[in-house]
Amino acid sequence: MPSVTTARRPASPAAARAAVAPRRRTPVLALAEARWAAAATAAFLLALPLQLTGAPAWSWGPLYAAAYVTGGWEPAWAGLRALREKTLDVDLLMIVAALGAASIGQVMDGALLIVIFATSGALEALATARTADSVRGLLGLAPETATLLGPDGSEKAVPTGELTVGETILVRPGERIGADGRVLDGASDVDQATITGEPLPVAKEAGDEVFAGTVNGTGALRVRVERDASDSVIARIVAMVEEASATKAPTQLFIEKVEQRYAVGIVVATLAVFAVPLAFGAELAPSLLRAMTFMIVASPCAVVLATMPPLLSAIANAGRHGVLVKSAVVMERLAQVDAVALDKTGTLTEGTPRVTEIRPLPGSGLGEDELLALSAAAEHPSEHPLARAVVAAARERRLALHGAECFSSAPGVGVTATVQGARITVGAPARTPAADTESLALAAELEEDGRTAVLVVRDGTPVGALGIADRPRPDAAATVAVLTSLTGTAPTLLTGDNPRAAARLAADIGIGDVRAGLLPQDKVTAVRELEAAGRRVLVVGDGVNDAPALAAAHTGVAMGRAGSDLALETADAVIVRDELTTVPRVIGLARAARRLVVQNLVIASVFITGLVVWDLAGHLPLPLGVLGHEGSTVLVGLNGLRLLRDAAWQRTAVDGSGA
Numbered sequence: 304m305p306s307v308t309t310a311r312r313p314a315s316p317a318a319a320r321a322a323v324a325p326r327r328r329t330p331v332l333a334l335a336e337a338r339w340a341a342a343a344t345a346a347f348l349l350a351l352p353l354q355l356t357g358a359p360a361w362s363w364g365p366l367y368a369a370a371y372v373t374g375g376w377e378p379a380w381a382g383l384r385a386l387r388e389k390t391l392d393v394d395l396l397m398i399v400a401a402l403g404a405a406s407i408g409q410v411m412d413g414a415l416l417i418v419i420f421a422t423s424g425a426l427e428a429l430a431t432a433r434t435a436d437s438v439r440g441l442l443g444l445a446p447e448t449a450t451l452l453g454p455d456g457s458e459k460a461v462p463t464g465e466l467t468v469g470e471t472i473l474v475r476p477g478e479r480i481g482a483d484g485r486v487l488d489g490a491s492d493v494d495q496a497t498i499t500g501e502p503l504p505v506a507k508e509a510g511d512e513v514f515a516g517t518v519n520g521t522g523a524l525r526v527r528v529e530r531d532a533s534d535s536v537i538a539r540i541v542a543m544v545e546e547a548s549a550t551k552a553p554t555q556l557f558i559e560k561v562e563q564r565y566a567v568g569i570v571v572a573t574l575a576v577f578a579v580p581l582a583f584g585a586e587l588a589p590s591l592l593r594a595m596t597f598m599i600v601a602s603p604c605a606v607v608l609a610t611m612p613p614l615l616s617a618i619a620n621a622g623r624h625g626v627l628v629k630s631a632v633v634m635e636r637l638a639q640v641d642a643v644a645l646d647k648t649g650t651l652t653e654g655t656p657r658v659t660e661i662r663p664l665p666g667s668g669l670g671e672d673e674l675l676a677l678s679a680a681a682e683h684p685s686e687h688p689l690a691r692a693v694v695a696a697a698r699e700r701r702l703a704l705h706g707a708e709c710f711s712s713a714p715g716v717g718v719t720a721t722v723q724g725a726r727i728t729v730g731a732p733a734r735t736p737a738a739d740t741e742s743l744a745l746a747a748e749l750e751e752d753g754r755t756a757v758l759v760v761r762d763g764t765p766v767g768a769l770g771i772a773d774r775p776r777p778d779a780a781a782t783v784a785v786l787t788s789l790t791g792t793a794p795t796l797l798t799g800d801n802p803r804a805a806a807r808l809a810a811d812i813g814i815g816d817v818r819a820g821l822l823p824q825d826k827v828t829a830v831r832e833l834e835a836a837g838r839r840v841l842v843v844g845d846g847v848n849d850a851p852a853l854a855a856a857h858t859g860v861a862m863g864r865a866g867s868d869l870a871l872e873t874a875d876a877v878i879v880r881d882e883l884t885t886v887p888r889v890i891g892l893a894r895a896a897r898r899l900v901v902q903n904l905v906i907a908s909v910f911i912t913g914l915v916v917w918d919l920a921g922h923l924p925l926p927l928g929v930l931g932h933e934g935s936t937v938l939v940g941l942n943g944l945r946l947l948r949d950a951a952w953q954r955t956a957v958d959g960s961g962a
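Our numbering numbers the first residue of the sequence shown as 304 and each following residue consecutively.
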C-alpha cells in the first residue's frame, strides 16, 4: 500500500557524510616535526639579514645556533638510531655536512641545509597524519548504533560492532543501515553511492542486499545481518586503504637505496681525504681544511634543489589553476603515468540525474511540454532524486505547474497525485499496474539506451514515459581525447553503475574499455590488473567507493567539489574546481617538471664532480669551493622556478609540454 510522505526527511549523501564522518584533520602545528621546522626556519630568517647587513656575530650567531638545534636534533637522533642498526641515511649526512660547514666558518650554508631537511621531514609527517585522519573518518560512515529486533518484536539500541550474523535490525526512514545484510521485509530506496558509486537511490525490497553506512530512503526495512562489522564492505574499504597507503612506490624505494649508498660513499670519501694525506706526512690543518672543503662541495644541496624547485613550482602552478598536488613525490609520479582509469558518476558525469527524453505515447493527445508538466506537478511534493530531476526539467522549460492533491508515494514504485482533476501516476514501469505492452516497450527502449525510465499514467491509461540519466560533463569527451594522446591508449572506465548506462556514456565520450557493476574491491582488482601489465595507472574518482582504487593506483586524483572526505584525503591530488580538463594539463606539467629535474641533476652533477676533482687533484680554495657550490645551487633553483609561469600551464593543454 502506498504510504503518505510524512516520514522524516532522508538525509542527502553529503549531509549524511557530514553528520557521521566529520573531518578530523590533524592541525599542522600539532605535529612536532612541523613545530621544529617552523622554529628552525624562523631562526634562520632572523639571522640571515643580520649577517648580510654586517651586524656583529653575537646578534646572529645564537640565531643560527637555534636553527641548528631546533631543525637538526630530530634527524640527528634518527640518524644515530639508524647507525645502531648498521645503516646510514642521508639525514645524518646532512647534519654532519652542516656541522662541517660551521666548523670552518660557513655557518649560513649549514643552517640552510638544516632548514631544508627539517621542512621536508615536516611535510612527510603531515602527509602520514592526514592519511590516518582519512581512515578514521571512513570508520564514522557506519552508524554507532542499530535497532535490534528481538524474537518477540521488541526493539533495543545496540552498538553496531556487537551485531552478529543472523540477527535482525530495523532501519527507519532516513537512517543509515548499521550492517551488511539482506532485506527481510519492507521496501525503500537506498542511497548506496558511498559503496557502489551509483548516482541514483536503488529500490530495495525483500531479498535484496544492503550495505552498512548507506542511507535509507522513505520506507522502513527489516534487515537480517549477514556479515560481522569487521567483515563489512565499509570495513574492507578501510583495510584496503590502509594496506595501499603503507605500500611504498618503486620510485621511493629506489631513492632510499641511492640515499644510503651516497651517504656511505661521502662519509668514506671524506675520511679518506682527511686520513690519506696524514698517512703520507701531511700537516693536520691543511688536511682538515681539504676534507672540510670536500665535505662542502660534495654535499648534496645542489642535488636537493635540482629536484625540489621544478616539482614545487609545478605544484604551485597547478594550485593556481585548481589542482592540489599533495607532494613533490606525487608530481613525480604524475609524470610517469601511461594509463588512466576514470570513475563515471561525479567524475565523467555531473553526478546529478537529468531528464534527457520526453516521449508521449501516440494517442495520448499530449505534447512533450504537457507530459512533462503533468509529471512535474505530480512529482513536486516528492523528495526522490528522480522527482527533483523531473521538476527541474519543467522549470528549465518555464512550464506552469498545477497543484497536486492526495499525494502519496510508494518506495521503489513511484508517486500518485491528483492534478487538475486527473489521477496521475509516475513510477517504475515494471511496478506500475496500468502499464501495457506499448508503454513497457517504450520504457524498455529508453532503458536499453542507458537511461532510467519512468512511466506516466493518467486516470489508469499510460500517456508517456520520461528518460532520466546522469549527464556527461561538457568537457568529458575532449579530456578523454587528450588523455589518449598523452598516454598512447584510451582511458578505462571503472564504475559501480549498471552496464547499459556505462556503455552509453563510454560510446558518447570515446572510451572502449568499460568495466561496470564494480564494488570497491573490484575496482582495486581492475587497477592491479592494469599495473600487472606494466602500466602506471592514474585513477580519477570522487566517492568513498573509489578510495581503495585511488590508494592502490600509481597515482590517484579526486574530484574536489563533490568528492567524499575519504577520496579527498586518500587521493594524491585533488581537482578543486571540478574541471576535468585539468587532469591532462597536470600530467603535462608534471612531465615538464621531470625534464627540468633531469636538466638540474646534470648541472648539479657537473658542478659537484668538477669541484670534487679540483679539490682532490689540485688545491681548491675554500671561498671558490663555496662559490661554486652555492652558484650551482642558485642556478638549478632558478631553472626550476621556470614552471611558476602561467605560460607553462597553458602549454600543457594538448602536447604535454610545460617549459
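We treat Cβ as the ideally placed atom computed from N, Cα and C, and that holds for glycine.
Burial state of phenylalanine 583, where buried means 16 or more other Cβ atoms lie within 10 Å: exposed
Spatial neighbours of serine 841 in its chain, beta-carbon cut-off 6 Å, leaving aside the 5 residues before and after: Here residue 841 turns out to be leucine, not serine, going by the sequence shown. Counting only Cβ-Cβ distances below 6 Å, and skipping sequence neighbours, we find Val640, Val643 and Thr858.
Can you grab the Cα-Cα spacing for the pair alanine 322 / asparagine 519, in whole Å? Interpretation of alanine 322 is limited by its pLDDT of 36, a score under 50 that renders its predicted location unreliable; no figure is taken from the coordinates.
For phenylalanine 577, which three-state DSSP category applies? helix
Going by C-alpha to C-alpha distance, which of His705, Leu587 and Met598 sits closest to glycine 568? Met598
Using DSSP with H/G/I as helix, E/B as strand and the rest coil, what is glycine 943? helix
Within 10 angstroms of its Cβ, does lysine 459 collect 16 or more other Cβ (buried), or is it exposed? exposed
Of the listed residues Asp875, Gly931 and Val766, nearest to isoleucine 618 (C-alpha basis): Asp875
What residue range does the alpha helix (DSSP H) around threonine 728 cover? First-last for threonine 728: 725-730, but that is the beta strand (DSSP E), not the alpha helix (DSSP H).
Using CA atoms only, rank isn't needed, just tell me which of Ile661, Ala737 and His687 is closest to alanine 713. His687
Status (buried if at least 16 other CB within 10 Å, exposed otherwise) for leucine 615: buried
If arginine 485 sits next to glutamate 512, beta carbons under 8 Å apart, how far is it from one beta carbon to the other, in whole angstroms? 6 Å
Distance between alanine 385 and methionine 862 (C-alpha atoms, nearest Å): 40 Å
For isoleucine 906, which residues in the same chain have their Cβ closer than 8 Å to its Cβ, ignoring the five residues on either side in sequence? Ala605, Ala609, Ser935, Leu938, Val939 and Asn942
Note down, in chain order, each residue of its chain lying with its Cβ closer than 7 Å to the Cβ of histidine 683, except the 5 sequence neighbours on either side. Val694, Leu704 and Ala707
Please report how far the alpha carbon of isoleucine 417 lies from the alpha carbon of arginine 479, in whole angstroms. 50 Å
Starting from phenylalanine 710, trace the beta strand (DSSP E) in both directions and tell me its first and last residue. 707-713
Best match in Ala515, Thr517 and Leu452 for proximity to aspartate 488 [C-alpha to C-alpha]: Leu452
Serine 630, DSSP secondary structure in three states: coil
Using 10 angstroms around the beta-carbon of serine 742, count the other beta-carbons present and answer buried if the total reaches 16, otherwise exposed. buried
Proximal residues to aspartate 762 (C-beta, below 6 Å), its chain only, five neighbours per side dropped: Ala725 and Arg726
Per DSSP, which one or two residues make a beta bridge with lysine 459? Leu451
Near threonine 650, which residues of its chain fall below 7 Å by C-beta distance, leaving aside the five closest residues on each side in sequence? Val843, Gly844, Asp845 and Met862
Cutoff 7 Å; reference alanine 806; Cβ partners in own chain excluding five residues on either side: Gly753 and Val817
Are leucine 692 and valine 718 close, meaning C-beta to C-beta below 8 Å? Reading the sequence as shown, one finds alanine at residue 692 and not leucine. No. Outside cutoff.
Just curious, the alpha helix (DSSP H) that arginine 387 is in, first and last residue? 360-387
Which whole-angstrom value describes the C-beta separation of alanine 506 and proline 476, a residue pair presumed to lie in contact below a C-beta threshold of 8 Å? Contact flag wrong, Cβ pair sits at about 14 Å.
In this structure, what does DSSP give as the bridge partners for methionine 611? Methionine 611 is not bridged to any residue.
Hey, leucine 466 and alanine 482 are a contact pair by Cβ (cut 8 Å); roughly how many whole angstroms apart? 5 Å
Residues of its chain near glutamate 882, where Cβ-Cβ distance is below 8 Å and the 5 sequence neighbours each way are ignored: Gly625 and Asp778
Can you name the residues that DSSP bridges to alanine 532? Alanine 532 pairs with nothing; no bridge assigned.
With burial defined as no fewer than 16 other Cβ atoms inside 10 Å of the residue's Cβ, what is the status of glutamine 495: buried or exposed? buried
To the nearest angstrom, how far is the alpha carbon of glutamate 834 from that of alanine 854? 13 Å
Which of helix, strand or coil DSSP assigns to glutamate 686: coil
Grab me the residues of valine 900's own chain with a C-beta within less than 6 Å of its C-beta, minus the 5 sequence neighbours each way, in chain order. Thr610 and Pro613
Taking the straight line between their C-alpha atoms, what separation do you get for alanine 950 and glycine 510? 58 Å
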